[in-house]
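*Asks:* Numbering (the UniProt record's numbering), first residue to last: 1 to 433. The beta carbon of each residue, even a glycine, is placed where N, CA and C say it ideally should be. After the structure tokens below, expect a handful of questions from me.
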Ligand SMILES: [Zn+2]
């Protein structure tokens, strides 16, 4: 398989521009509260009527993110809490000692139950595999058993237990295309109530809009040979269901894209908080990316955990998985997280390719005016209904300023290679003012 000359997706992507409106920010306010002013600013926003997985991959690599069918790209220079795209190299991932311990503790709970000496055994087992005299690593010569993520993550799962072994609890994980069920909605409600302390009752439509609806069009994964039964056959939006003794205890909302597994959301039942299901899900998603790759989809190799927000302590956990990289907010090249942190410590807006462009305080310059040469708009298509389209250059003739600006803004935020790709259409479905 030639990985560099991949054919563009044959699936059309249709994006409807919106006015990039700012919103209030929940990252720099006390838990459960939001900023009084609209300080969370976006460069661009749109609704995707439909989106190929390849096009979305290109978008998240330029700082975009989706919530349902709504897509947005933060205005990194101006927003109060810049949101950097973070990705973990799943092939290079090494579980930390605490991550290994957590998985072992989880597997022991499922297989042996919640025995009183459970934790004592956990520490005992770990002590055996620790190189003596070198608590933080050292030579691995005395290591007993190497921790293998893929086997450890499945070790206690019903479908992976050896035929002659039994487990006290029944633990199952299944992957299904995202869909609404009363069971998932009930879990969502309980998660909002018990974990996020949201008093207002959630309704099914907000759950559907946020966590079920997706613009992604499923496409076959380019496996080189038939994958194991538990792996997905197609790229697209999924729900990963975690069941304990038959009861739904957690759901991970994920997108499976050509080069990554992208985590959208994770919710769990408070009763099982002690099992660290959120952290377990990150390891499972890292393993999923690796398993898809091992089955022959060689482009796959990353877990995207959404945005890394250095100014928000509770979002820094995303940096606990190594090796992770942040996308430069200007040229979208990837930089090792540990090299970015000193710049993030010193600056509100940090740039990694050109550190001299970083800004410590508020940005005082003029508002961003995207400049796309009109000639480039000759290669961008605008859908005008009934199966017809014209070029964006033709479309802006005689159009009002807000519409012209909306085209420029979206084309600039998408980048020319994507905006001009053969199967991408802009579509003015909403009024732009
Ligand atoms: Zn903020």
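Count the C-beta pairs between the stretch 369-382 and the stretch 339-358 that are closer than 8 Å, then say yes if the count reaches three, no if not.
*Replies:* The stretch 369-382 is not in contact with the stretch 339-358.
*Asks:* At the level of alpha carbons, what is the spacing between residue 276 and residue 23?
*Replies:* Taking the straight line from one Cα to the other gives about 31 Å.
*Asks:* Residue 309 bridges to which residues according to DSSP?
*Replies:* Answer is none; residue 309 lacks a bridge partner.
*Asks:* Using only Cβ atoms and a threshold of 5 Å, which residues come within that distance of a heavy atom of ligand 1? Order them by chain position.
*Replies:* For ligand 1, the selected residues are 25, 27, 28, 80 and 81.
*Asks:* I need the boundaries of the alpha helix (DSSP H) containing residue 154, first residue and last residue.
*Replies:* From DSSP, the alpha helix (DSSP H) with residue 154 extends over 149-154.
*Asks:* Assign residue 420 to one of three DSSP states: helix, strand, or coil.
*Replies:* Residue 420: coil per DSSP, three-state reduction.
*Asks:* Compute the beta-carbon to beta-carbon distance between residue 53 and residue 258, rounded to the nearest angstrom, for a pair I have assumed lies under 8 Å.
*Replies:* Yes, residue 53 and residue 258 are in contact; Cβ-Cβ is about 6 Å, under 8 Å.
*Asks:* Within 10 angstroms of its Cβ, does residue 143 collect 16 or more other Cβ (buried), or is it exposed?
*Replies:* Here the model assigns residue 143 a pLDDT of 48, short of 50, so the residue's position is not dependable, and the following value carries that caveat. The residue in question, residue 143, is exposed, as its Cβ has fewer than 16 Cβ neighbours within 10 Å.
*Asks:* Run the CB neighbour count on residue 211, radius 10 Å, all protein chains shown included, and call it buried at 16 or more, exposed below.
*Replies:* Flag for residue 211 reads buried.
*Asks:* How many angstroms separate the CA atom of residue 223 from the CA atom of residue 256?
*Replies:* If you take the alpha carbons of residue 223 and residue 256, they lie about 13 Å apart.
*Asks:* How about residue 46 and residue 88: are their beta carbons less than 9 Å apart?
*Replies:* Not in contact: residue 46 and residue 88 (Cβ atoms no closer than 9 Å).
*Asks:* Could you check whether residue 249 and residue 271 sit closer than 9 Å to each other, using their CB atoms as the reference points?
*Replies:* Cβ atoms of residue 271 and residue 249: closer than 9 Å.
*Asks:* Between 232, 190 and 180, which lies nearest to residue 209 when the distance is taken from Cα to Cα?
*Replies:* Checking every option, the nearest Cα to that of residue 209 belongs to 180.
*Asks:* Smallest Cα separation from residue 364: which of 372, 349, 374 and 373?
*Replies:* Answer by Cα proximity: 349.
*Asks:* Can you round the beta-carbon distance between residue 244 and residue 171 to whole angstroms, since I take them to be within the 8 Å contact cut?
*Replies:* Indeed, because the Cβ distance is near 6 Å, the residues count as touching under 8 Å.
*Asks:* Give the list of continuous beta strand (DSSP E) stretches no shorter than 3 residues that lie fully inside the stretch 159-242.
*Replies:* Complete beta strand (DSSP E) runs here, min 3: 171-177.
*Asks:* What are the partner residues of residue 334, as DSSP defines its beta bridges?
*Replies:* Residue 334 is bridged to 327.
*Asks:* Chain D beta carbons: is any one of them nearer than 9 Å to that of residue 29?
*Replies:* Included in the structure is just one protein chain, with no chain D present.
*Asks:* Considering only C-alpha positions, which residue in the set 426, 55 and 297 is nearest to residue 418?
*Replies:* Out of 426, 55 and 297, 55 has the C-alpha closest to the C-alpha of residue 418.
*Asks:* Ignore the nearest five residues each way along the sequence and tell me which others in residue 9's own chain have a CB closer than 8 Å to its CB.
*Replies:* Within the same chain, residue 9 has close Cβ partners 52, 53, 54, 55, 219 and 423.
*Asks:* Is the beta carbon of residue 241 closer than 9 Å to that of residue 173?
*Replies:* Cβ atoms of residue 173 and residue 241: closer than 9 Å.
*Asks:* So, under 8 Å CB-CB, residue 82 and residue 44 are touching, yes? Tell me the CB distance rounded to an integer number of Å.
*Replies:* The Cβ separation is near 15 Å, so there is no contact.
*Asks:* What ranges does the alpha helix (DSSP H) occupy inside the stretch 337-376, keeping only unbroken runs of at least 4 residues that lie completely in it?
*Replies:* Here the runs fully enclosed are 337-346.
*Asks:* Could you tell me whether the Cβ atoms of residue 299 and residue 261 are closer together than 9 Å?
*Replies:* Going by C-beta atoms, residue 299 is not nearer than 9 Å to residue 261.
*Asks:* Using the C-alpha atoms, what's the distance from residue 28 back to residue 443?
*Replies:* Beyond the ends of the chain as shown, which are 1 and 433, falls residue 443; an answer cannot be given.
*Asks:* Rounded to a whole number of angstroms, what is the C-alpha to C-alpha distance between residue 247 and residue 319?
*Replies:* The alpha-carbon atoms of residue 247 and residue 319 are separated by roughly 31 Å.
*Asks:* Any idea which residues DSSP pairs residue 47 with across the strands?
*Replies:* Answer is 16 and 70, bridged to residue 47.
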